[in-house]
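Data block below; observations after.
2 protein chains.
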Amino acid sequence: MVIMIELAVLGFLRDAQLHGYDLRKRIAALTGHVRPIADGTLYPLLKKMEAAGLLSRSLQPGQVAAPRQMLSLTDSGRTELERQLRDPDELFITDENRWFTLLAFLRHLDDPAAQAAVLLRRLEFLTQPASFFWDGDRPLRAVDFDDPFRRGLFTIATATSRTEIKWLRSTLEQLEA
Amino acid sequence: MVIMIELAVLGFLRDAQLHGYDLRKRIAALTGHVRPIADGTLYPLLKKMEAAGLLSRSLQPGQVAAPRQMLSLTDSGRTELERQLRDPDELFITDENRWFTLLAFLRHLDDPAAQAAVLLRRLEFLTQPASFFWDGDRPLRAVDFDDPFRRGLFTIATATSRTEIKWLRSTLEQLEA
DNA sequence: GAACGATACCTCGACTCCGAGGTATCCTGT
DNA sequence: ACAGGATACCTCGGAGTCGAGGTATCGTTC
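Below, the structure written as structure tokens:
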């Protein structure tokens, strides 16, 4: 299982040096409304990433009270960010919350072709034949249900896919121009 | 952390008795394209749910070869399903994959008012003021970025929310009629 | 009879994440 | 001086999940 917030940590630190607390707040803003991240997840991860040489820390006086850790991305961290952006784990392609995290930092890939390759993966995912329910080999559609909630499921999934597919195609055209 | 697939197990078994292998395939169809569930997650969970009295198992000859376990929801399991549908964990409201699981089985709540209450929670979630990025106290919008990917993030999130909000409102009207 | 493949279920060590509880620092108010 | 609050960071035991490896059963083929 891939670490959900590692990419966010790398991405935000690529944007700018940040204090741990600030970083926490930015991650919360990006994905926390869907899925909050506990301190118990973040701080050990920061520690681990420092140990792995992905980021460095220096202690500074706090803004109001407590001292704070200034976090900076190392060259190694930068490389790791680019690696993760270029070749993201499948869950970053399929799970919306993770996909949004990926989008938030994709500009840090210099190569439009690499950016396009990532978008293509998402496009393939969204355009693959899929259904939530099957009758043997036959995918069931909204009309197969007299249940408004299952109908809603299809309606929502179809509409949201359509919107995103449109954006993906349009953005891919720009990247190839 | 709430068990992601427990609701799916309860829901599918509420639909019909199923063999473990069939159940696995249905869950995979419902949510597996986004997030596949490992056997190591499912089978111990079935065991745990049996121990908790939520489901019962009886061994049957397999369709082709190996013997299979026929799984049936108990009255207790039924009650637990209704409890989870009526008062779902917050993550089932906010995380799309889980929300879809919830929608798939919401018809098993008899009370339209209880169904409506769940939809209202999702509506509140989708209509709350939110942004992915902030500048101090100010939420940033798509126009604040010249980065096409962050712009896309807002575009996609806004459009998909709009679609679902529309469906939610329409369905709530039907439930109240 | 043995090997293989398909069906069907299981375990285990490792990893990720949670939530509760905690520590540390500084400033303000009593 | 002490308590409380806000800022800022940390740990730990428990829960959920993964992926790899495994067992069991039956039918088919050689």
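Read top to bottom, the protein sequences are chains A and B.
Take the first sequence: its position 21, counted from the start at 1, is 21 in the UniProt record's numbering, and no numbers get skipped.
Take the second sequence: its position 55, counted from the start at 1, is 55 in the UniProt record's numbering, and no numbers get skipped.
Every residue gets a Cβ at the ideal spot worked out from N, C-alpha and C, and that includes glycine.
query	result
contact_flag[the segment 7-26 of chain B, the segment 37-56 of chain B] where n(CB pairs < 8 Å) is 3 or more	yes
Interfacial residues, the segment 76-102 of chain A to chain B, with Cβ spacing under 8 Å	Leu91, Thr94, Asp95, Glu96, Asn97, Phe100
Cβ of valine 34/A within 7 Å of any chain B Cβ	yes
Chain B residues whose Cβ lies nearer than 7 Å to that of glutamate 164/A	Ile156
Local conformation of histidine 108/A per DSSP, three classes	helix
Below-7 Å beta-carbon distance, threonine 127/B vs any chain A residue	no
Cβ pair count under 8 Å reaching 3, the segment 60-73 of chain B against the segment 14-21 of chain B	yes
Whole-number beta carbon distance between threonine 160/B and threonine 160/A, since they are thought to touch under 8 Å	4 Å
Nearest to leucine 103/B (by Cα), restricted to the options Phe92/B, Asp111/B, Met49/B	Phe92/B
For leucine 106/A, the nearest candidate out of Asp87/A, Leu123/A, Asp95/A, Glu124/A (CA to CA)	Asp87/A
Contacts that leucine 30/A makes with chain B (C-beta to C-beta distance below 8 Å)	Phe132, Phe133
Within chain A, partners of alanine 159/B - CB distance below 7 Å	Thr163
CA nearest to the CA of threonine 158/A, picked from Leu175/A, Phe132/A, Arg138/A, Ala177/A	Phe132/A
Residues near arginine 98/B in its chain [Cβ-Cβ closer than 6 Å; skip 5 each side]	Leu91, Phe92
Neighbouring residues, chain B, relative to glycine 152/A (Cβ below 7 Å)	Leu103, Trp167, Thr171
Integer-rounded CB distance, given that glycine 77/A should sit under 8 Å from leucine 13/A	7 Å
Within chain A, the residues that proline 148/B reaches when beta carbons sit closer than 7 Å	Thr171, Gln174
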